[in-house]
Amino acid sequence: MSAASESDIHTAIALADRRPVVPAERLVAEMVPPPRFAGVSFGSYLPDASQPSQYEAVQILESFAAGLNGAAEPPKRGWFRRSAPVPTGPAGIYLDGGYGVGKTHLLASLWHAVPGPKAFGTFVELTNLVGALTFQGAVRTLSTHRLLCIDEFELDDPGDTVLVSTLLSRLVENGVKLCATSNTLPEKLGEGRFAAADFMREIQGLSAHFRPVRIDGQDYRHRGLPAAPPPYDDAEVTARAARTPGASLDDFDALLEHLKEVHPSRYGALLDEVGAVFLRGVRQVDDQATALRLVVLADRMYDRELPVTASGVPFDEVFTEEMLRGGYRKKYLRAVSRLVALARDSAK
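Under the UniProt record's numbering, the first residue of the sequence shown is numbered 1, with each subsequent residue one higher.
Here it is, written out as structure tokens:
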């Protein structure tokens with residue numbers, strides 16, 4: 001092998017060798033839109049010309065942002081007293097729609113359009129924050145904010161949903177404005193406000209504070225694009241990882257085993273300094289706990305726009321048909337959509 005070719009060989013990172021420690025302060029500091037949405041705005045959102053609801057959603061959120069920008073600075077709040085009256089208008093906007101219609105883009109655009117203090121995180125990240133700070137600590141920390149944006153509000157875990165609902169009720173009392181997104185299942189599109197009704201039921205007393213906004217449309221990640229590229233063989237995955245700076249390279253089963261030992265709140269840190277992910281031997285996952293951990297990892301990879309090159313089964317077959325019919329179906333379909341998009345990125 002020539003010296004020139006040797007210089008092109010890189011030692012890949014093994015995610016399964018990493019055990020990150022994430023202090024609570026980092027969890028709070030990182031409550032910002034993920035890198036994929038770091039520079040988005042209402043102006044950069046491209047509504048589907050055939051979907052008027054997408055134009056309407058932009059107008060509603062721009063008006064919501066204008067109301068917040070015109071509000072007084074958030075008052076200093078005491079722990080045992082009620083805050084000043086909440087500004088007029090809805091305390092929250094709920095964006096209801098299918099996969100890939102741009103809800104996160106719009107949510108991040110709202111966050112960028114409103115001055116701080118403000119916070120942005122997924123439902124899972126919010127529950128992790130409560131675990132790290134305690135419930136009262138999370139209330140104290142987030143009550144100093146003007147706006148809290150919650151992406152991917154989960155309706156499939158009653159315990160966590162009630163926990164977050166109670167937290168949001170306390171924040172609304174303290175004058176914090178809210179915006180949340182969640183997904184409507186594909187076959188429920190067109191049936192009215194199906195997901196919105198679920199959301200309003202689960203968040204109980206908060207329902208009166210939210211204005212539901214429906215966003216229709218096709219998944220932009222697959223709109224007019226070719227199917228996901230077929231998987232590579234193991235040797236090609238290994239060779240490509242060696243030619244890619246900042247690559248991680250793992251056997252799929254070893255990585256899944258390692259995820260059992262790492263708290264999901266640390267999956268983002270697991271990917272620190274990784275520029276591309278390479279996986280050998282992707283197989284169908286038939287264990288629910290393992291599948292849910294994979295969903296969180298897929299979300300963090302998607303947030304960081306990490307292309308994924310893999311061997312084994314294609315990503316649209318990674319979850320069993322039984323799982324795709326079960327209670328966590330929304331999570332699995334979102335993960336498939338995102339993994340397929342990242343696999344396409346790897347083929348560019």
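Heads up, the beta-carbon is just placed ideally off N, CA and C, and yes, glycines get one too.
Predicted model, so just to flag it, every value in this text is computed and none were measured.
To which residues of the same chain is residue i closer than 7 Å at the C-beta, ignoring the five residues directly before and after it?
i      : result
ALA24  : ALA132 and LEU133
THR141 : VAL28 and LEU133
ARG283 : PHE252, GLY312 and VAL313
GLU317 : GLN284
ARG18  : LEU270
VAL130 : ALA138, LEU163 and LEU167
LEU46  : none
Which residue comes first and which comes last in the alpha helix (DSSP H) that contains residue i?
i      : result
LYS331 : 329 to 347
THR127 : 123 to 133
PRO52  : 52 to 69
ARG300 : 288 to 303
ARG26  : 24 to 29
ALA108 : 103 to 113
LEU324 : 321 to 324
If I measure Cβ to Cβ from residue i and keep anything under 6 Å in the same chain, skipping five residues before and after, which residues do I get?
i      : result
ARG26  : none
ARG211 : PRO90 and ILE93
LYS331 : VAL295
LEU339 : ALA298 and PHE315
LEU256 : THR290
VAL86  : A caution first: VAL86 carries a pLDDT of 39, below 50, which makes its placement in the model unreliable, though a value can still be read off. If we look at VAL86 and ignore the five residues flanking it on each side, its Cβ neighbours are GLY175.
THR244 : ALA276
ARG81  : In this predicted model, ARG81 has a pLDDT of only 36, less than 50, meaning its place in the structure is not dependable enough to derive any value.
ALA65  : LEU110, ALA113 and VAL114
VAL308 : VAL277, LEU342, ALA343 and SER346
I believe residue i touches residue j by the beta-carbon criterion, under 8 Å. Please report the beta-carbon distance rounded to the nearest angstrom.
i      : j      : result
LEU324 : ARG293 : About 17 Å; that fails the 8 Å criterion.
MET301 : VAL277 : 6 Å
LYS304 : PRO20  : The amino acid at residue 304 is misidentified as Lys; the sequence shows Arg. About 14 Å; that fails the 8 Å criterion.
SER337 : GLY97  : Not confirmed; about 13 Å, so no contact.
VAL58  : LEU106 : 7 Å
ASP160 : GLU154 : 7 Å
ALA254 : ALA16  : 5 Å
Going along the chain, which residues of its own chain have a beta-carbon closer than 8 Å to the beta-carbon of residue i, five neighbours each way excluded?
i      : result
GLU273 : ILE13 and GLY246
MET31  : ALA119, PHE120, GLY121, GLU125 and LEU129
GLU62  : PHE42 and ALA113
ASP234 : ARG280, GLY281 and SER311
ARG266 : PRO20, VAL21 and VAL22
GLY78  : Reliability fails at GLY78, whose pLDDT of 40 lies under 50, so the model's placement of it is uncertain and the value that follows must be treated cautiously. No residues qualify anywhere along the chain.
In the DSSP assignment, find the unbroken beta strand (DSSP E) run with residue i in it and report its ends.
i      : result
LEU148 : 147 to 151
ILE215 : 210 to 215
ASP96  : 92 to 97
VAL308 : 308 to 312
With a threshold of 9 Å between beta carbons, is residue i in contact with chain D?
i      : result
SER311 : Note that chain D does not occur in the displayed structure, where there is just one protein chain.
### Message
I want to know whether the segment 111 to 121 touches the segment 143 to 151 - three or more CB-CB distances under 8 Å.
### Response
Counting Cβ pairs under 8 Å, three or more are found: they touch.
### Query
If we count Cβ pairs, one from each stretch, closer than 8 Å, do we get three or more for the segment 295 to 302 versus the segment 47 to 64?
Not touching, per the Cβ criterion.
### Message
So within the segment 242 to 278, which uninterrupted beta strand (DSSP E) runs reach at least 3 residues, ignoring any that extend past its ends?
### Response
Within the segment 242 to 278, the complete beta strand (DSSP E) segments at least 3 residues long are 247 to 251, listed from N- to C-terminus.
### Task
Pair every Cβ in the segment 92 to 99 with every Cβ in the segment 168 to 180, then say whether three or more of these pairs are closer than 8 Å.
In short, these stretches touch, since the Cβ pair count reaches three.
### Query
Is it true that the segment 105 to 117 meets the segment 32 to 45, where meeting means three or more beta-carbon pairs spaced less than 8 Å apart?
A contact exists between the segment 105 to 117 and the segment 32 to 45.
### Message
For the segment 334 to 344 against the segment 227 to 240, do three or more pairs of beta-carbon atoms, one drawn from each stretch, fall closer than 8 Å, so that the two count as touching?
### Response
Output reads yes: the segment 227 to 240 touches the segment 334 to 344.
#### Entry: Every unbroken beta strand (DSSP E) within the segment 159 to 183, with a cutoff of 3 residues, ordered by chain
You should have 177 to 183.
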